[in-house]
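Peer 1: Starting off with a structure, shown below.
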Amino acid sequence: MTGWLGPQEWQAVALSLKVSFWATLLALPLGVLAAYALSRWTFPGRNLLNGLVHLPLILPPVVTGYLLLITFGPQAPAGQFLEWIGLPVAFRWTGAALAAAVMAFPLMVRAIRLSLDAVDPKLEEAASTLGASPIRVFITITLPLIAPGIVAGGILAFAKAMGEFGATITFVSNIPGETRTLPTAVYTFLQVPGGEGSAVRLVIISIIIAMAALLLSEWVSRRLADRVRGA
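Next up, the structure:
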């Protein structure tokens with residue numbers, strides 16, 4: 001692949017893989033928590049939480065990127081705090097990972113929540129009546145049963161992060177070697193005379209990664225589901 005892709009193209013692919021990995025890792029714990037809250041808990045503001053979780057799917061990505069910029073930008077309190085602890089995000093690859101995590105979050109939560117909704121609550125209640133704590137019930141009963149949904153949600157989030165463009169370019173710009181991910185690299189090459197060849201190669205890579213992620217998600221989910229049913 002390194003011979004087929006030029007240095008700038010390979011740099012964009014490598015950075016996208018890095019950003020997508022950390023975006024998925026960042027979103028996963030919060031995704032499980034949000035899905036569990038929406039599936040199992042009843043509390044004031046539940047509908048509001050559901051709306052906030054799915055808001056990135058509805059808002060234009062540029063709007064999401066702008067909201068991230070005014071929240072985590074260099075002049076914002078949150079951005080200054082992250083800068084102070086040594087984790088700056090504005091115009092850095094870490095910011096690209098944050099933007100990708102926000103945009104992929106709804107898909108992850110939805111996949112995990114569907115798995116939670118399919119779990120019979122009576123199984124959890126039975127474990128509770130035997131004296132198991134809520135945390136132990138979740139770890140020993142719920143978590144194994146929703147493992148296919150977690151894996152599927154994580155893979156879909158990774159694929160979504162690989163294709164994130166609007167929020168990323170608005171929040172962290174398009175800096176070569178720092179925030180120029182695969183989608184922004186395609187956009188850049190299309191603006192340069194003679195860059196169509198590079199853009200086409202990156203488009204092919206994007207399609208391959210997206211299809212591989214979807215197929216892997218289906219395969220892993222089925223394997224885990226079969227293992228859970230056979231347990």
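Residue numbering for the sequence shown follows UniProt numbering, starting at 1 and increasing by one per position.
Beta carbons are placed, not taken as given, at the ideal position from N, Cα and C, and that holds for glycine.
1) In the structure shown, what three-state DSSP assignment does F158 receive?
2) Skipping 5 residues on each side, what residues in its chain have a beta carbon closer than 8 Å to that of L98?
3) Going along the chain, which unbroken runs of the beta strand (DSSP E) with 3 or more residues stay wholly within the stretch 37-77?
4) Please report how far the alpha carbon of K215 lies from the alpha carbon of S221, in whole angstroms.
5) Identify the continuous alpha helix (DSSP H) that holds W93 and give its terminal residues.
6) Kindly indicate the opening and closing residues of the alpha helix (DSSP H) around L5.
7) Just to confirm, is the Cβ distance from S16 to L182 under 8 Å?
8) Report the three-state DSSP secondary structure of R223 (helix, strand or coil).
9) How many whole angstroms separate the CB atoms of I112 and A35, which I take to be in contact at a CB cut-off of 8 Å?
10) How is the alpha helix (DSSP H) around I169 delimited, first residue to last?
11) In three-state DSSP terms, what is R201?
12) Residue range of the alpha helix (DSSP H) that F189 falls in?
13) Using a threshold of 7 Å, is the CB atom of A78 nearer than that to any non-hydrogen atom of the ligand FAD?
14) Do S217 and L143 have their C-beta atoms within less than 8 Å of each other?
15) Return yes when the Cβ of W93 is within less than 8 Å of the Cβ of V13, no when it is not.
Peer 2: Once the coordinates are examined:
1) Looking at F158 - three-state DSSP - the assignment turns out to be helix.
2) Cβ within range, chain order: A23, L26, L68, F72, V89 and F171.
3) For the stretch 37-77, there is no continuous beta strand (DSSP E) assignment of 3+ residues that stays within its boundaries.
4) In the sequence on display, residue 215 carries Leu and not Lys. About 10 Å.
5) Taken as a continuous stretch (DSSP letters only), the alpha helix (DSSP H) holding W93 covers W93 to A118.
6) From DSSP, L5 is part of no alpha helix (DSSP H); its letter is neither H nor E.
7) Contact flag set, yes.
8) It is helical.
9) Contact between I112 and A35 holds: their C-beta atoms lie close to 4 Å from each other, under 8 Å.
10) Element bounds for I169: G166 to V172.
11) Helix.
12) Its alpha helix (DSSP H) spans residues L182 to Q191.
13) This structure does not include the ligand FAD; it has no bound ligands of any sort.
14) When the beta-carbon positions are compared, S217 and L143 stay at least 8 Å from each other.
15) Not in contact: V13 and W93 (Cβ atoms no closer than 8 Å).
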